Structure formats: C-alpha cells, structure tokens
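For the sequence shown, the working numbering assigns the number -16 to the initial residue and increments by one for each residue that follows.
Ideal Cβ positions, reconstructed from N, Cα and C, are used throughout, including at glycine.
Model, not experiment: these values are computed from the prediction.
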Amino acid sequence: MELEGNEKVGSDVHQPERHEFYNTIPDSVLLGIFAYLDARSLLAASMTCQKWCRVGQDELLWRDLLRADFHVPFGITPPESWRLEYRRLHYCVPVVLTEDLQEHSHEVLHVTFSHDGRFFVTCSMDNFVHVWESGFPSYMKYYQNMQEFRWIFPQYSQFNEDSTLLLVSGVICEREAVGEIVVFSIEESGLNFRCRIESRPYDLFGAWYHSEYFISGGVSIIGTAIVSKLSLVKASQETESEHQAVMNSMLRFYTRLSCARNILVADCHEAKNTDDPACSKSGFRPSHWVNPMCDVPTVMWNDGPYDAKENEDSRCLKLLYPWDKYLIFTSGGRANVPHVVNIKRVPPLAFMHYFNAGPSLAERVARVRSREEDDVEFPENQLPALLSDEDILAKFDLPDSSFDLGGYIVGMAISPDHRYLYVNVRPWPFGAIVDDPGEPPPIAEQIEVRIIDLKTLEVLGPVLASHKAYSSSDRCCYVFLDACDNYVARQVWRGDGSEEKYAYVWDRRWMILLAKLQHSSSVNAVAFNPVDSEMLVTVSDDKSVKVWRSRRRCAALNVSVAERPVGIELRANNVK
C-alpha cells in the first residue's frame, strides 16, 4: 500500500453501523494498538472507518514511526506535521528509475539543468554535448560535436539565468592544463555558436556572472609562484568596432603554488555582524580595489589606457547588477592541491564596452626603446631589496574569507537559495603536517560533504564521516554534487580503484541518508531539476544517463512503480 493513500483516508473508508464493536473502542486503546504497527499496516487500519482514520493520523504515532524508520535526530520538528513529513521522505524522494538513456558512446562526465527546468545537458568523453528535454519520457533534442573546436572532451556546462545561453567548458591540452570555454545560444534550430575563449587551468570551468557575461581565467608565473587572473567576458563576438571590448580584467589573486579552480558565483546574504568599524557595510574588509568611502560601482576596463572623456559616453559603461555577489573558488596553500575554499565579495560591477585604443604601434616601440636606454645597471651591493610576502600580497586582490578544509576538494555546489555551499572533500589524516607542498598528505578513500554557511561564513561540519583508510592523491577525480530545496545528492569515490557505483541522496533538513541509486560503474555527476526536486539525473562511466523520479511524480505520469527499478532506500522498515 502506497503512502499516497494517506490523502484518501476518510473519504472511502467503510461506514460501520452502531452495533459494530470496533466503533466503540476507546481512542486510548486504539492508540496503544496502533503504536505496534508499521506505516503500511497503520494506513491499512486507517481505512477501516472514520474513527480509526482520525486516530491513525495522530501526530505522536507518526513521529515515532519517522524516528524509528528514518532515524531522524531528536530536537528538530517538521514544518507542517510528522505524518506529512513521513509521506515526503517516502513518497517525494526521486528513487524510481523512469528512463535509462544510452545515447553516449563513452563515459559521461557532467550533467546540469536549465534554470527553467525544461532542459538538461550532458557532457561525455565521446566529445559530444547532448541537450535533453526533461519531460516524460526524456529525449535528446540537440547535440554538438566538440571535435569541431579541436577539443579532447567537454567536461562541464552551465546555463545562464534565463536559460537562453549555454556555457560549455572543455579540455584542449590535458598535459598543459589548457582548456576553452564555448558559449552557445539555445534556438529552435539547435545550438548556435556565440563565442569562445581560452581558459587556464581547464578545471577553472567558468561561471555565469550575468545573463550576458561569464567569468573566465588564466595564469601567469612570478618566480616560483602562480598568479590567477579572472576576466569578465561578454558572451558574444563584436564586429561593430575594433574599440569595442568583449573582455574586462576583473581580479588577480596571488595563489602561490596552485591555480584558482572550480569557480562559482552566488548572491550575497548580509552578514550578521556589521558592528566592526573596520568592516565595510557588507561585513567584509574591503580590498584595495574597492573604495569603501563611496557606493559607486567599481569600474573595470581593459589593460589599455583609460580615457575619462570616453567614460562619459553612455555606451561605455553598463552596470550589470545593483547588488553584491560572492565569487567562490578553490586554491592551494599549504600544498599544491586545492584544499582551501576562498570567498570574495564582489561589489556591483560595470562593464567597459568601449576603450581608448591608446598610442600607435610606432609610439609603443619608441617608448620601449626609450625605457631600455634609461635602464641603469645596479652595482651588486646596491640591488633593490626583495619584497616581503605582505608587500607582494598588497599588489593583488585578496579573498575576504578562506577556509582550509584539510583535504583535497573534489566538488562544490550551492543551494538554490544561495545560503549554503556544499563541498566534496577527501580529507587528510587528522593533524597531518605538510612538509613539502609538492607532496600533499594521503587522502581518505571516501568523500566527506562539508557545509559552509554563506551568511554567517561558518563551516557547519561534515554530513558523512569518511573511512580511516587513506590513499595517494596522485589520481583524484572531480565529482559533481548538487542540492535542491529538500535534498542533496552526491556520489562516493573509493581510492582503492573500486569506485562506488551509487549516487547518494540526503535530506537537507534532517541530514540523513535516504537512498542509493545504482549504476554499473562509478557515478560522475548528479543534478536535480531546479523547478522539481522530485526529478534527479545521474551520469556515470557506464555511458548511461539515468532519470529518477519520485513515487508521486510516477503516479501523476501514470508510471507503474512495480514495473520500474527502484533505488536502495535506507530505513529500518522498508515500506513499499
């Protein structure tokens, strides 16, 4: 008996006559009897008559059932009722396999949804990007062969806010960590090319900052250290004027031994503590490139000379957002692998569309020759003093907050309300000391999920503790997790070479593991439908794209659950 029958209780129940004995049983006795029943039996008993239906909906009964079957922690109460919460955890979790799509011919690396929930996109080692309709049954609507761009494979994709543009990130040269970002528009005729730009390293991925602008990056070397440079790029090619900019310099981070990676953009929540006079009005200490004395937008422009007269042209600047945003990325610190989450609060930005072309080529050459002639050889005992670390850092942008998670970061996702950041971490041994940045400590075989509150900027702790076994970090793959309003889904990777073949679904409210969704090989990415948290897509090395829906969605679609594979539901009493 499905728990959806709970809604019908009271309307189709048997109407007893007065002489039938069970209508005279006291409520207290019925409650005592019902306390011995599981959920399925309790629902069946509730169909007997209206009185039994009323008693069967007692909140204490369903509270005890919820705690017994799902092991929910004490001290937390559901927002509506215990009975409805039990129904949600059983009836509204995407555990029924409704589609098993086999269009890819190689490992599938990533999946993401459009913000309107209409499409989802998969990237595969077969060098194809597939765009799928998310209705039932799901089917491939468009595809793009990335071999046309001389890629090795696409690895990541993301829709812009209005789901009209698709950003795809891929690998051009794996040995030198060179990648590229290509933007397509979604048209009725298919995917239409808009622009492309190189991105280093390739696992920077790129992220949308605005519906028409995205963030890309590059690296430069200063001595033995690495500088990560981020740029704001317009998602279109410009042909009207040679002075029309398509890219503005944005931020430069001195990331020492590791590049900036895994960029995400989130909306800001105001910090609770704003009493510190040394903090800006947003609760963060301003960087050198933000003027804390005024509220005017920060202006970004290309590396060419800035022309104040041209700045007065209304075409020159375009304010992208009137509010602050978080720029989130990972980097190294103690080691050369990503183990630090950095958060930079970015004030409202204006994009410089037109810029002064500056001096001619002949004038530039003359300036260089003049500087060469003016160069003075310093005597060995009068060489300029080397800059200290503080002096070097003062010349770059600094994160407002950094979190050393003590392990290899292999994935990040933001909750739909942009309140929480979920981070996949393969932790180092407790108390590990990094003697050589080039040789990080061994990492745990299983992944932990850490949660960072983006409002209070606190680490809330792991969702799942890892095993005690550890392995080398030489081969550590990026795995993509996702979060929706009610649930968090991720995959588990074991370092012994035998990857877990499941996607795991947690409940965000109770922080309990609800289900395991099976593949025949390791799972690489998961994605919830942003407008329907009861639909989940998982992709795997087994070349398959699996669509999972809840029992409630199956009932609405007239899909028989009995005829479909169902994931492994983790509870004390497995109610069918």
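Cβ-based neighbour list, residue i, same chain, cut-off 6 angstroms, excluding 5 preceding and 5 following
i      : result
Asp259 : Low local confidence applies: a pLDDT of 38 at Asp259 is under 50, so the model's placement there is unreliable, with the coordinate-based value given in what follows. Nothing meets the Cβ criterion.
His450 : Confidence in His450 is poor, its pLDDT being 46 and thus under 50, which makes the residue's placement too unreliable to answer from.
Cys277 : Any reading at Cys277 needs caution, since the residue's pLDDT is 31, under 50, leaving its predicted position unreliable; the model's value is listed next. So no residue of the chain qualifies.
Pro137 : Cys106, Val112, Met129, Val151, Gly153
Val520 : Val94, Phe103, Ala510, Val530
Residue environment, residue i, which counts as buried when at least 16 other CB atoms sit within 10 Å
i      : result
His89  : exposed
Trp115 : buried
Ser560 : Because the chain is modelled from -16 through 559, residue 560 falls outside the range shown and cannot be assessed.
Trp411 : buried
Cys467 : buried
Lys378 : exposed
Leu197 : Correcting the residue type first, residue 197 is Phe in the shown sequence and not Leu. The residue in question, Phe197, is buried, as its Cβ has 16 or more Cβ neighbours within 10 Å.
Phe312 : buried
Ser211 : buried
Tyr403 : buried
Ala291 : Here the model assigns Ala291 a pLDDT of 37, short of 50, so the residue's position is not dependable, and the following value carries that caveat. Exposed.
Ser481 : Confidence at Ser481 is low in this model, with a pLDDT of 43, below 50, so the placement of that residue is unreliable and no value is reported for it.
Gln220 : exposed
Cys156 : exposed
Gly394 : buried
Tyr122 : exposed
Gly550 : buried
Gln85  : exposed
Ala545 : exposed
Ala28  : buried
Phe413 : exposed
Asn541 : exposed
Candidates the options, of which the one nearest residue i by Cα
i      : options                        : result
Leu72  : Arg317, Pro424, Phe53          : Phe53
Ile180 : Thr207, Glu144, Ala218         : Ala218
Pro399 : Gln501, Cys251, Trp493, Lys529 : Cys251
Val323 : Arg347, Arg244, Ile397         : Arg244
Tyr69  : Arg492, Asp515, Val514         : Arg492
Leu381 : Gly389, Asn110, Phe334, Ile326 : Ile326
Leu148 : Phe111, Gln138, Phe102, Met123 : Phe102
Gly206 : Tyr405, Ser199, Ser527, Leu240 : Leu240
Ser516 : Asp490, Arg409, Ser503, Asn541 : Asp490
Cys36  : Leu43, Leu25, Arg46            : Leu25
Gly39  : Ile59, Ile246, Gly15, Phe57    : Gly15
Asp374 : His98, Tyr237, Leu443          : Tyr237
Pro215 : Leu303, Leu388, Pro548         : The sequence shown places Leu at residue 215, not Pro. Taking only the C-alpha atoms, the option nearest Leu215 is Leu303.
Gly390 : Val320, Val202, Gln127, Tyr405 : Val320
Cys242 : Ala249, Ser199, Pro424         : Ser199
Val471 : Ala396, Leu310, Phe57, Ser117  : Ala396
Leu49  : Asp109, Ala18, Val432          : Ala18
Val506 : Met518, Val462, Met108, Cys537 : Val462
His87  : Ser543, Lys526, Trp65          : Lys526
Ile246 : Val406, Asn110, Ser371         : Val406
Leu332 : Trp306, Tyr487, Leu344         : Trp306
Leu44  : Glu144, Trp65, Gly444          : Trp65
Residues near residue i in its chain [Cβ-Cβ closer than 7 angstroms; skip 5 each side]
i      : result
Pro120 : Glu82
Ala160 : Arg183, Pro184, Tyr185
Gly173 : Tyr125
Asp99  : Ser146, Val514
Phe386 : Val323, Val324, Ile435, Val442
Pro62  : none
Arg409 : Gly390, Tyr391, Val393, Ile426, Ala427, Ile430, Cys459
Ser504 : Lys484, Ser523, Asp524, Asp525
Residue i CB to nearest heavy atom of the ligand ATP below 7 angstroms
i     : result
Pro61 : With respect to the ligand ATP, the structure offers nothing, as it holds no ligand at all.
Proximal residues to residue i (C-beta, below 8 angstroms), its chain only, five neighbours per side dropped
i      : result
Leu553 : Leu496, Leu497, Ala498, Lys499
Arg235 : Val210, Ser211, Lys212, Leu213, Phe379, Asp380
Asn469 : Arg71, Cys75, Asp490, Arg491, Arg492, Ser516
Val248 : Ala190, Trp191, Tyr192, Ile198, Lys308, Tyr309, Leu310, Ile311
Phe57  : Arg50
In the region 524 to 552, which residue ranges form an unbroken alpha helix (DSSP H) of at least 4 residues, counting only runs that do not cross its ends? 534 to 539
Inter-stretch contact at 8 angstroms, needing at least 3 Cβ pairs: the region 502 to 511 / the region 81 to 96 = Yes, since at least three Cβ pairs between the region 502 to 511 and the region 81 to 96 fall closer than 8 angstroms, the two stretches touch.
| said: Could you tell me which whole beta strand (DSSP E) segments of length 3 or greater appear in the region 80 to 109? | reply: 91 to 96, 102 to 107
Three or more beta-carbon pairs under 8 angstroms between the region 119 to 136 and the region 163 to 170, yes or no?
yes
Mind the definition here: the region 169 to 177 touches the region 187 to 197 only if three or more C-beta pairs lie below 8 angstroms; say whether that holds.
no
**Report entry** Length at least 4, wholly inside the region 369 to 430: the alpha helix (DSSP H) runs in chain order
**Finding:** 372 to 376
Q: Go through the region 15 to 53 residue by residue and report every complete run of the alpha helix (DSSP H) that reaches 4 residues or more, in order.
A: The qualifying runs are 22 to 29, 33 to 39, 42 to 53.
Does the region 308 to 321 come close enough to the region 408 to 422 to have 3 or more Cβ pairs within less than 8 angstroms?
When Cβ pairs closer than 8 angstroms are counted between the two stretches, the region 308 to 321 is seen to touch the region 408 to 422, the count reaching three or more.
- Task: Would you list, in sequence order, the uninterrupted alpha helix (DSSP H) runs of no fewer than 4 residues that lie entirely inside the region 174 to 234?
- Result: Correct list: empty.
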